[in-house]
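Counting in my numbering, the sequence shown runs without a single skipped number right up to 299 at its last residue.
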Amino acid sequence: MIARLVALDEGPDISLDRAMVVVGRHPACDARLDSLRVSRHHCCMTHDSGDVLVRDLGSTNGIRINGQRVEMGRLKAGDELSIAHIRYRLDDGLGHDRTLAESSSAEALDLAASPDGTSSVEPCPPFPAEENALAAAVRKMLPSSVAERCRIQVIVRMDDESDDSTPVGMSSSHAEKSSE
Numbered sequence: 120m121i122a123r124l125v126a127l128d129e130g131p132d133i134s135l136d137r138a139m140v141v142v143g144r145h146p147a148c149d150a151r152l153d154s155l156r157v158s159r160h161h162c163c164m165t166h167d168s169g170d171v172l173v174r175d176l177g178s179t180n181g182i183r184i185n186g187q188r189v190e191m192g193r194l195k196a197g198d199e200l201s202i203a204h205i206r207y208r209l210d211d212g213l214g215h216d217r218t219l220a221e222s223s224s225a226e227a228l229d230l231a232a233s234p235d236g237t238s239s240v241e242p243c244p245p246f247p248a249e250e251n252a253l254a255a256a257v258r259k260m261l262p263s264s265v266a267e268r269c270r271i272q273v274i275v276r277m278d279d280e281s282d283d284s285t286p287v288g289m290s291s292s293h294a295e296k297s298s299e
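Shown next as structure tokens:
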């Protein structure tokens with residue numbers, strides 16, 4: 120069964136039915152959240168060994184895993200993810216009865232910590248300064264032998280009434296002037 124993020128308060132459930140799911144306010148995102156507190160490209164998620172890796176894409180209001188703000192982390196079944204103010208629980212389709220929101224605060228703290236008392240949320244490794252957060256998320260998905268040898272450039276193209284050759288962020292009149 121396909122893993123999904125189940126909305127706890129508001130917002131739509133998010134199906135994790137692709138290799139990478141980008142969540143944000145922008146119409147081109149795989150999962151759209153209609154809230155001004157959610158960035159246009161807020162975060163992305165990928166599958167990894169039965170868990171879900173989630174990475175903030177430089178959003179203003181961030182992401183939290185089990186209440187802890189992170190740049191990147193690993194979700195296990197039953198974990199809570201907050202995207203800005205919208206809360207979700209990861210459902211892997213195997214039938215978890217309770218969420219952290221339904222647990223007592225002491226139980227929630229126990230679930231969020233590993234046996235040695237430290238947080239189970241993994242820190243985000245740094246990425247090259249010239250690389251944007253989306254490119255870094257793509258790099259993280261690649262085998263390290265490939266990622267070390269390549270430069271990742273993410274090109275976003277918007278379909279609208281402007282000429283297809285116009286780079287994103289440029290009006291068609293600006294693009295015409297720059298090509299002369």
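Cβ atoms here follow ideal geometry from the backbone N, Cα and C, with glycine treated the same way.
Residue environment: Met191 is assigned as buried (16 or more neighbouring CB atoms within 10 Å of its CB, all protein chains considered).
In this structure, Ala254 keeps its C-beta atom at 8 Å or more from the C-beta atom of Cys163. A straight line joining the alpha-carbon of Thr179 with that of Leu155 spans about 10 Å.
In terms of CA proximity to Arg258, Arg174 leads the group Ile202, Ser158, Arg174 and His204. Pairing Leu152 with His204, the inter-Cα distance amounts to about 11 Å. Of Asp167, Gly130, Asn251 and Ser263, the smallest CA-CA separation from Arg137 is found for Asp167. Annotated as distal: Gly197 and Arg188, with beta-carbon spacing of 8 Å or more. DSSP places Arg144 outside both helix and strand once states are collapsed to three, so it counts as coil.
Counting only unbroken stretches of 3 or more residues, the beta strand (DSSP E) elements lying wholly within the segment 144-215 are 162-167, 170-175, 182-184, 187-189, 191-194, 199-202 and 205-210, in sequence order.
Counting C-beta atoms within 10 angstroms of its own C-beta, Glu267 has fewer than 16 neighbours from the protein chains shown and is therefore classed as exposed. Here Ile133 is actually not in contact with Ala147; their C-beta atoms are around 15 Å apart, not less than 8 Å. Our two residues, His161 and Met277, have alpha carbons roughly 18 Å apart in a direct line. For the pair Asp210 and Val141, the CB atoms are not nearer than the 8 Å cut-off.
When DSSP states are grouped into helix, strand and coil, Met260 belongs to the helix group. A straight-line Cα-Cα distance of about 26 Å links Leu200 and Pro262.
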